[in-house]
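So in the UniProt record's numbering, spot 38 of the sequence shown is number 38, and the numbers just go up one at a time. Everything on this sheet refers to the single structure shown next.
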Amino acid sequence: MSRNFPPWKRDPRSILQEALNRSEKTLGYRFLVGFELEFHLTQIDESKSVKLVDQFYGAASARDGGVSRFLEECIRSILDAGIVATHLHSEVGHGMFEIPTGPLRPIEAVDTLVYCKEAIQTISLKHGFNATFFPKPVLSPSHTAVGAHVHFSIDEVTQEVADHFLAGILDNLPALCAFSMPNFDSYHRLGDFRDQMANMFYVLAGWITAGCSGVNNKIPLKWKDPPSLMAGMTAEEVAELNWDTKFPLSLIDAVEALEKTANSHSLSELGEEFLHMYINFKKLEAKQAAEKTEKERLDTLSRIF
Numbered sequence: 001m002s003r004n005f006p007p008w009k010r011d012p013r014s015i016l017q018e019a020l021n022r023s024e025k026t027l028g029y030r031f032l033v034g035f036e037l038e039f040h041l042t043q044i045d046e047s048k049s050v051k052l053v054d055q056f057y058g059a060a061s062a063r064d065g066g067v068s069r070f071l072e073e074c075i076r077s078i079l080d081a082g083i084v085a086t087h088l089h090s091e092v093g094h095g096m097f098e099i100p101t102g103p104l105r106p107i108e109a110v111d112t113l114v115y116c117k118e119a120i121q122t123i124s125l126k127h128g129f130n131a132t133f134f135p136k137p138v139l140s141p142s143h144t145a146v147g148a149h150v151h152f153s154i155d156e157v158t159q160e161v162a163d164h165f166l167a168g169i170l171d172n173l174p175a176l177c178a179f180s181m182p183n184f185d186s187y188h189r190l191g192d193f194r195d196q197m198a199n200m201f202y203v204l205a206g207w208i209t210a211g212c213s214g215v216n217n218k219i220p221l222k223w224k225d226p227p228s229l230m231a232g233m234t235a236e237e238v239a240e241l242n243w244d245t246k247f248p249l250s251l252i253d254a255v256e257a258l259e260k261t262a263n264s265h266s267l268s269e270l271g272e273e274f275l276h277m278y279i280n281f282k283k284l285e286a287k288q289a290a291e292k293t294e295k296e297r298l299d300t301l302s303r304i305f
């Protein structure tokens, strides 16, 4: 019996593999990807409220007690699996930690990400905690949200090609947010490009497809590098940099942007069946999420993610 079945058009791994095949066949590109796994370490008190463990950025106190034993077992599990963990540190916010992985080919990198997240969450339960990758388990302006920072590189390309590739991504930024910020509550942490609730097979497939479209269509890189953090710049200063593309403010905004872009050549290669399924599913998800309270969503999703 033949095992050479055609790939399922909705399968995340197959969609990313097809994007990689297209980029390598038509342009000869190969990619390396590494992730920063940011997560909050929480405890559930008697009232069943989520409480962050009391750790601060770079704090030595993370070396003490149960948190230390949890972190040591996480690192040991990751290293024993043959995965490169470049370092471990406590992050900016209360109860926030980060473990970055080394560079790998995209599918292997996402497989590694999935393993690390499962290991961290499983080990946290063993030690009486709950490690969550939910963007903001405590909905307060004073609490820092976690993201999923991606280190993404292309083998041996010219500056011109790199500029076109980046332009292709930036030109499709609102639509790509439907993959990289894919949940109703992703938009509590606006200001970055993706979060840990994202399916990274879809995210990388979208970036690679959009980037290659930028190269094929020679899209100019009109966006200029900011001289400082854009959060502190005036609207006029931002306009001079040609940063006129706005982030979607909600999941439904991102899905509508994807729907408008789905028929364009830049993202159509992801596949009509997949895009139709994904857009309709996310519309339903946004509707159902809006019908729940913030606490209901937080209590459920901070345990799932």
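Backbone N, C-alpha and C fix where the C-beta goes; we use that ideal spot for every residue, glycine too. Note that the structure is predicted; figures quoted are calculated from it, not measured.
{"query": "Three CB pairs or more closer than 8 Å across the region 163–172 and the region 121–129", "result": "no"}
{"query": "For Leu20, the three-state DSSP class (helix, strand or coil)", "result": "helix"}
{"query": "Validate contact between the region 271–288 and the region 218–232 using beta carbons, cut 8 Å, 3 pairs", "result": "no"}
{"query": "Straight-line Cα distance separating Lys260 from Thr245", "result": "15 Å"}
{"query": "Assigned secondary structure, Glu98 (DSSP; H/G/I helix, E/B strand, else coil)", "result": "strand"}
{"query": "Expected contact under 8 Å - CB spacing of Ser180 and Leu32 to nearest Å", "result": "That belief does not hold up - the Cβ atoms of Ser180 and Leu32 are roughly 19 Å apart, past 8 Å."}
{"query": "Start and end residues, beta strand (DSSP E) containing Thr132", "result": "Asn130 to Thr132"}
{"query": "Test item: CB-CB of Phe201 and Val110 under 8 Å", "result": "yes"}
{"query": "Bridge partner(s) assigned by DSSP for Ile154", "result": "Phe31"}
{"query": "Cβ contact check for the region 83–95 and the region 12–27: 3 or more pairs under 8 Å", "result": "no"}
{"query": "DSSP-derived helix/strand/coil call for Ala81", "result": "coil"}
{"query": "Exposed unless 16 or more other CB atoms sit within 10 angstroms - verdict on Val92", "result": "exposed"}
{"query": "Check whether Glu38 and Glu118 have beta carbons under 8 Å apart", "result": "no"}
{"query": "Three-state secondary structure (DSSP) of Leu275", "result": "helix"}
{"query": "DSSP bridge partner residues for His89 (one or two, in chain order)", "result": "Glu98"}
{"query": "Among Asn4, Lys9 and Ala19, the one whose alpha carbon lies nearest that of Gly211", "result": "Ala19"}
{"query": "Distance, Glu291 Cα to Asp299 Cα", "result": "15 Å"}
{"query": "For Leu170, the three-state DSSP class (helix, strand or coil)", "result": "helix"}
{"query": "Integer Cβ distance of Met96 from His40, believed to fall under 8 Å", "result": "5 Å"}
{"query": "CA-to-CA distance, Gly66 to Thr209, given in whole angstroms", "result": "44 Å"}
{"query": "Where the alpha helix (DSSP H) containing Trp207 begins and where it ends", "result": "Met200 to Asn216"}
{"query": "Spatial neighbours of Ile107 in its chain, beta-carbon cut-off 7 Å, leaving aside the 5 residues before and after", "result": "Arg13, Leu16 and Gln17"}
{"query": "Strand pairing of Leu104, partner residues [DSSP]", "result": "Val33"}
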